[in-house]
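Notes for the one structure printed next.
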Amino acid sequence: MSSLANHNLINRQLTRVKPESTETHQLQINMNHVDNNVMGSLTAEHKELVKQTWAIVDADKSKHGKDFFVELFVSFPDYLTFFKGKLTSKEDILTNEKFAEEHIVGKVMTAIGKVVENLDNESALEAALVQLGKNHYKRNVLEPHFENAKKVLLTVLERNLGDLWTKEVGEAWVTTLNVAFSIIYKGLHAET
Numbered sequence: 001m002s003s004l005a006n007h008n009l010i011n012r013q014l015t016r017v018k019p020e021s022t023e024t025h026q027l028q029i030n031m032n033h034v035d036n037n038v039m040g041s042l043t044a045e046h047k048e049l050v051k052q053t054w055a056i057v058d059a060d061k062s063k064h065g066k067d068f069f070v071e072l073f074v075s076f077p078d079y080l081t082f083f084k085g086k087l088t089s090k091e092d093i094l095t096n097e098k099f100a101e102e103h104i105v106g107k108v109m110t111a112i113g114k115v116v117e118n119l120d121n122e123s124a125l126e127a128a129l130v131q132l133g134k135n136h137y138k139r140n141v142l143e144p145h146f147e148n149a150k151k152v153l154l155t156v157l158e159r160n161l162g163d164l165w166t167k168e169v170g171e172a173w174v175t176t177l178n179v180a181f182s183i184i185y186k187g188l189h190a191e192t
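Read in order, the letters of the sequence shown are residues 1 to 192 in UniProt numbering.
Take a look at the structure:
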């Protein structure tokens, strides 16, 4: 199945244009809709699908984390400025083992793992994600940056999970990330 066909598995339309080409990809997701009762929008099936697919990603989190950062910096090269002193180019992701261990695995992939691990523990999830939002606000990482990172993460998950990425898995991840990011935004806005 082609990448474009895979993207059409999810519900609403978002257009993404790769900076280095004029090729437009249709990514069918509604990233911004979050119910007022955010945790209530996650079903038991969503949680189970996210846990099952995350177990596959988590088994090689360094590879999947590097894939995420490569895609992030290909799509948004200006985001390298958030990593001054750690990275000078997107190629550094593949060669800078210290960055890979400390930031990719130690922070980003671990944070996503904590979200998955705490899907049934609302208070732990909220405390961790609000703090994550506060920490990123201090680094001038704002909602639009997180929204773009969310899109990239979904793209990488879909690509890396291959045939395991079904309509139901896509919906589960979109819903889970909408919940997680809405909590992160509480932390961002608490600092404003």
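Built from N, CA and C at the ideal position, the CB exists for glycine as well. In this text, all values refer to a predicted model and were calculated from it rather than measured experimentally.
Please confirm whether residue i and residue j have their CB atoms less than 8 Å apart.
{"i": "residue 147", "j": "residue 188", "result": "no"}
{"i": "residue 154", "j": "residue 174", "result": "yes"}
{"i": "residue 176", "j": "residue 72", "result": "no"}
{"i": "residue 47", "j": "residue 120", "result": "yes"}
{"i": "residue 135", "j": "residue 125", "result": "no"}
{"i": "residue 40", "j": "residue 104", "result": "no"}
{"i": "residue 111", "j": "residue 132", "result": "yes"}
{"i": "residue 74", "j": "residue 90", "result": "yes"}
So residue i packs on residue j, CB below 8 Å; how close in whole Å?
{"i": "residue 156", "j": "residue 92", "result": "18 Å between Cβ atoms; not a contact."}
{"i": "residue 99", "j": "residue 87", "result": "6 Å"}
{"i": "residue 82", "j": "residue 139", "result": "6 Å"}
Taking the alpha-carbon of residue i as reference, which of the options has the nearest alpha-carbon?
{"i": "residue 116", "options": "53, 101, 182", "result": "53"}
{"i": "residue 137", "options": "87, 186, 75", "result": "186"}
{"i": "residue 107", "options": "173, 174, 61", "result": "61"}
{"i": "residue 165", "options": "49, 89, 40", "result": "49"}
{"i": "residue 141", "options": "96, 181, 168", "result": "181"}
{"i": "residue 94", "options": "51, 149, 132, 69", "result": "69"}
{"i": "residue 109", "options": "90, 84, 56, 145", "result": "56"}
{"i": "residue 145", "options": "167, 184, 44", "result": "184"}
Open item on the list: Could you tell me which whole beta strand (DSSP E) segments of length 3 or greater appear in the segment 104-146?
Closed with: none
Open item on the list: List, from N- to C-terminal side, the alpha helix (DSSP H) runs of 4 residues or more that fit wholly inside the segment 27-100.
Closed with: 44-58, 61-75, 92-95
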